[in-house]
Each structure stands twice: as C-alpha cells, then as structure tokens.
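Only one structure is covered here, and it is reproduced in the block below.
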Amino acid sequence: MTDKKKSPKRELLEQPKHGYSIISKSELEASHTFNEEYKQFIDFAKTEREAVEYSILAAEKAGFRPYTRGDALKPGDKIYQVNRGKAIALVVIGKHDVHDGINISGAHIDSPRIDLKMSPLYEDSEIAYFKTHYYGGIKKYQWVNIPLELRGVVALKDGTVVKVSVGSKTDDPIFIINDLLIHLSQDQLKKGATEVIPAESMNAIVGTIPEPDDDGTDRVKLAVMDIINEMYGITEADFHSAELSLVPAMNARDVGFDRSLIAAYGHDDRICAFDSLKAILDVKSPTKTAMCLLVDKEEVGSNGVSGARSLWFDTLCEDICETFGVPVRECFEKSFCLSNDVAAAFDPNYPQPFDRRNSPKLNYGLGIAKYTGSRGKSGASDASAELVARVRNMFDDAGVIWQMAPLGAVDAGGGGTIAGITACRNIDTIDAGVPLLSMHSPYEIIAKLDNYMSYKGMLAVFAEK
Ligand code: MN
Ligand code: MN
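Put into structure tokens, the structure is as follows:
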C-alpha cells in the first residue's frame with residue numbers, strides 16, 4: 027500500500043476538526059464537571075428572576091459585593107448590580123480600571139414560555155383553566171400536552187412579593203394545555219402549522235372539583251382560587267400584579283448512548299448566561315475591566331426597563347466611569363462586547379433551510395457569528411473584519427475550539443441578538459454562542475463540548491491583555 031499524496035499546499039485550506047479529535051483528556055474531564063453544574067443551574071433557573079437569584083448567590087460566594095452609585099472602587103474589586111430582579115451585571119475592575127474600556131460578555135436570561143394573562147382564572151364546562159399569552163417566538167403545537175410547571179411572582183398592594191413555584195418537585199401537580207384528540211382532528215389537521223393550535227385555545231387545566239358549600243356559578247373556579255389562596259395568601263385580583271409563567275416541567279437530561287448532548291428547557295440563552303457568569307467568577311485579576319451582563323426581554327425585542335436597551339446599563343457604566351474620572355463615551359469607544367447568544371446548529375433532519383458550508387455543527391465548538399439579521403442582512407449588527415480577526419486570535423491563543431456560525435441559509439428566515447444594541451453605543455460587538463438544535467422548543471439540545479468551549483471563550487474575553 028502506498029501513502030496518499032499530500033501537497034504542502036493543503037495547508038492553505040481550512041481543515042475543520044471534530045472537537046473530540048482535538049480536546050485533551052483533562053479538558054474533557056473539566057467539561058464533564060462543568061456540564062454537571064450547568065444542568066443544576068438550568069433546572070433551577072427557569073425564569074429570568076431565578077437566573078438573577080442564582081447569579082447573586084454565586085457572586086456572593088465568590089466575593090462579589092453589591093454596588094451602588096458613589097461606592098469607592100479600585101482595581102481588583104468585584105461588584106454586582108441587580109436591575110429590578112430581572113437583570114444583573116457582575117464586574118471585576120481591571121488593573122487599568124476603565125481607561126482602556128470594558129470587556130463585556132452579554133447574554134439574555136429570558137426564554138420563550140407561556141405567560142398567564144392579566145386575568146387568567148376562569149371556568150368552562152366545570153373545568154378551571156388559566157388563560158395564557160405566549161412569550162417569544164414559539165411553534166405553539168410544541169407546547170401542548172407536555173407537563174408544565176408554574177413559576178413566578180405575585181406582587182401585593184402592601185409591597186410584599188410572593189414567590190410562586192408549583193410543579194418542580196416530584197410530588198407536585200403539573201399543568202397541561204391539552205390538544206384535541208386525533209379521532210376528531212380531521213379539520214384541525216388540514217390547517218397550516220401556525221393555525222393548528224390557536225393562541226386563544228392555549229388554556230391550561232388547573233382543576234375540576236366544584237366548591238361544595240356554594241350554589242352560585244363558577245364553583246370549580248372558586249374552589250381552585252381557594253386552594254391558591256391557602257398556598258399563597260392571594261385573591262383573584264392579585265393576578266393583575268403578577269408575573270406568572272408556565273414553563274416545561276422537564277429537567278435537563280443527557281441525550282444519546284454517549285451522553286454527549288444535553289436536552290433542557292431554556293438553553294436559549296441561559297446556557298450562554300451561565301458560561302459568562304462562570305467566566306466572570308473565575309477570571310483572575312484582568313487587565314481591562316470585565317463585565318458579565320445578563321439581561322431580560324431579548325425574546326420580545328429587548329425593550330423595557332430590564333431589557334438590553336434600558337439606560338440602566340449606561341447608567342451603571344457611567345457611575346463606574348465617574349469614579350475613575352473617565353467619560354463614559356470614551357470608555358465605550360474602547361470597550362468590546364461579545365454578545366453571547368446561541369447559534370442554530372446544522373440539523374440533518376431538516377437540511378433545506380441551512381447552507382451546509384456555512385452552518386455550525388454540534389461538537390465543533392463555540393460558534394462565532396460575524397453578523398445576524400434576515401434576508402439581505404436586514405437588521406444585522408455586522409462586526410468588522412478587524413474585530414473578527416481579534417476574536418480569532420483571542421480564542422486560538424486561549425485554546426478555545428470554535429467555528430463560524432451564520433444563521434441558516436439566505437432567505438430562509440433570520441433573527442437577531444443584543445449585539446446591535448451594544449454596537450449602537452459605539453462598543454465593538456460580535457456574536458458568539460453555543461450551537462443548538464430545536465431552538466425555542468420546550469426541550470432544546472446542545473453539545474457538552476460546545477458549552478464548555480463557550481465558557482472558555484468568555485474567560486478569554488475577560489482575560490484579554
Ligand atoms: Mn437568544
Ligand atoms: Mn431566542
């Protein structure tokens with residue numbers, strides 16, 4: 027047998043390598059430990075508030091302290107600030123404080139879900155239901171006949187906030203938005219997928235036993251309200267000032283005989299949030315100031331006080347900058363933001379809307395997206411060639427396994443992240459994140475290796491010299 031001829035010119039071509047053919051044994055072990063912790067996080071944090079709660083606990087444990095305007099700051103200080111319980115920034119002041127800008131890793135902690143309406147509880151045909159209004163872009167048919175749990179808060183007029191959680195413990199009841207039986211679905215199945223499940227039919231079953239000591243109407247509704255009142259001390263009107271969501275009552279599980287993947291609810295984008303959080307907790311005395319920014323409302327356009335567009339971010343940066351006598355606009359122009367959001371992994375079951383030559387693959391590492399947007403790059407935030415070069419260099423130096431990660435085929439659809447928002451503040455911004463299968467479904471899929479590489483990537487951002 028003769029060896030195959032191999033021209034030295036081969037070096038000119040990029041040779042993408044499967045992550046498992048290049049990752050070291052020790053890194054594989056580190057990845058395993060990392061992903062076990064991630065599974066605990068993703069089951070704990072099924073809402074943005076819970077992601078903030080987790081982040082505060084982890085931050086306090088790692089020596090971060092809450093920051094308020096005017097607090098003295100010096101290099102090496104570790105601080106955090108919470109925005110209305112739904113967004114958080116964790117900051118490590120660098121050796122050069124903010125004179126050289128801030129290296130930011132930004133992710134969002136809201137995920138698609140089924141919110142309760144403002145007046146959710148009603149009864150029909152002696153079944154009590156919650157009316158819902160879905161949040162974010164979902165295929166509604168994926169959310170019926172799956173176990174759902176209720177999480178969130180109810181704010182009372184006296185100022186107290188009651189935390190609600192039903193369905194996460196094994197002996198808890200769960201809730202279901204039921205679908206029509208197949209036997210009578212002749213008409214339903216002729217409809218297009220967006221109309222198969224009308225949004226106003228997405229009502230969750232919450233009880234069926236009528237109140238025995240009452241002869242009025244809505245006796246099932248009354249009995250259910252009584253149970254809720256006993257559990258949480260609230261009345262029907264309190265639903266008006268609540269943020270209650272139905273989220274999949276399914277916890278993270280390994281997928282496949284080789285356990286290489288994890289299925290869970292809310293990978294988008296709490297997986298990147300976790301990676302950024304872990305990186306800021308682990309970074310050791312950075313040169314530039316490092317910030318992990320976790321924001322809300324990305325799935326509905328990043329608006330509002332807790333979204334990425336909120337001036338809360340600018341105000342926090344301004345407060346920090348003032349301490350060091352640096353105008354915030356000068357800090358921003360020297361800053362860098364890695365918008366850490368999930369990417370669409372190539373799906374062999376549905377190859378058509380992807381470009382095989384321009385799609386990230388599971389197990390090929392952290393996915394970098396130079397730009398996002400849809401059709402002719404509409405709505406895109408496009409990182410400069412120079413910035414992509416800087417990031418390639420940064421990741422290669424840090425031993426991060428990475429790949430380019432455009433979103434599907436041209437004209438197949440599209441999407442965006444918070445990248446455009448930081449970029450508009452004159453902060454050099456690029457997208458990078460973990461490739462995902464079944465994005466926005468109740469049970470999304472990621473590869474463990476890619477998750478670990480995302481963490482390493484964020485650590486490289488924070489540790490940049
Ligand atoms: Mn996202
Ligand atoms: Mn999303």
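Remember, this note's numbering sits 26 above the position in the sequence shown when you count from 1. For glycine and all other residues, C-beta sits at the position ideal for the given N, C-alpha and C.
Under 7 Å between C-beta atoms of residue i and residue j
{"i": "Ala371", "j": "Leu388", "result": "yes"}
{"i": "Val246", "j": "Glu152", "result": "yes"}
{"i": "Gly193", "j": "Leu176", "result": "yes"}
{"i": "Met484", "j": "Asp294", "result": "no"}
{"i": "Lys314", "j": "Asp126", "result": "yes"}
{"i": "Ala435", "j": "Pro379", "result": "yes"}
{"i": "Ala489", "j": "Pro312", "result": "yes"}
{"i": "Gly393", "j": "Gly399", "result": "no"}
{"i": "Met317", "j": "Ile119", "result": "no"}
{"i": "Lys165", "j": "Asp322", "result": "no"}
{"i": "Tyr291", "j": "Pro468", "result": "yes"}
{"i": "Thr448", "j": "Asp457", "result": "no"}
{"i": "Gln214", "j": "Leu206", "result": "yes"}
{"i": "Tyr93", "j": "Val188", "result": "no"}
{"i": "Gln107", "j": "Ala115", "result": "yes"}
{"i": "Tyr481", "j": "Lys304", "result": "yes"}
{"i": "Lys72", "j": "Val273", "result": "yes"}
{"i": "Cys347", "j": "Val117", "result": "no"}
{"i": "Glu344", "j": "Val354", "result": "yes"}
{"i": "Asn109", "j": "Ser332", "result": "yes"}
Residue i CB to nearest heavy atom of ligand 2 below 6 Å
{"i": "Asp301", "result": "no"}
{"i": "Glu325", "result": "yes"}
Paired residues, beta bridge with residue i - DSSP
{"i": "Phe201", "result": "Leu174"}
{"i": "Gln107", "result": "Ala115"}
{"i": "Glu269", "result": "Val179"}
{"i": "Ser274", "result": "At residue 274 the sequence reads Pro, which differs from the Ser that was named. Pro274 is bridged to Leu174."}
{"i": "Pro92", "result": "Tyr106"}
{"i": "Trp428", "result": "Leu392"}
{"i": "Gly441", "result": "Gly399"}
{"i": "Leu462", "result": "Ala370 and Ile472"}
{"i": "Ser404", "result": "Ser400"}
Distance cut-off 6 Å: residue i Cβ against heavy atoms of ligand 1
{"i": "Val368", "result": "yes"}
{"i": "Asp136", "result": "no"}
{"i": "Asp457", "result": "no"}
{"i": "Asp295", "result": "yes"}
Range of the contiguous beta strand (DSSP E) that encloses residue i
{"i": "Thr455", "result": "Asp454 to Gly459"}
{"i": "Ile472", "result": "Glu470 to Ala473"}
{"i": "Lys143", "result": "Arg139 to Asp150"}
{"i": "Cys363", "result": "Phe362 to Asn366"}
{"i": "Arg155", "result": "The residue you asked about is not Arg; residue 155 is Tyr in the sequence shown. Residues Ile153 to Tyr161."}
{"i": "Asn129", "result": "Ile128 to His134"}
{"i": "Leu392", "result": "Leu392 to Ala395"}
{"i": "Val187", "result": "Val187 to Val192"}
N-terminal and C-terminal residue of the alpha helix (DSSP H) that residue i is part of
{"i": "Val61", "result": "Here residue 61 turns out to be Asn, not Val, going by the sequence shown. Where Asn61 is concerned, the enclosing alpha helix (DSSP H) stretches over Lys51 to Phe70."}
{"i": "Val331", "result": "No alpha helix (DSSP H) holds Val331; DSSP gives it neither H nor E."}
{"i": "Gly446", "result": "Ala445 to Ala449"}
{"i": "Gly45", "result": "Gly45 to Ile48"}
{"i": "Val222", "result": "Ala219 to Val222"}
{"i": "Asn419", "result": "Ala411 to Asp423"}
{"i": "Ser81", "result": "Glu74 to Lys87"}
Subject >> Sequence ranges, beta strand (DSSP E) only - wholly within the stretch 280-324, length at least 3 >> reply: Complete beta strand (DSSP E) runs here, min 3: 287-290 and 315-321.
**OP:** At 3 residues or longer, and completely inside the stretch 206-265: list those beta strand (DSSP E) runs for me, N to C.
**Re:** The qualifying runs are 230-233.
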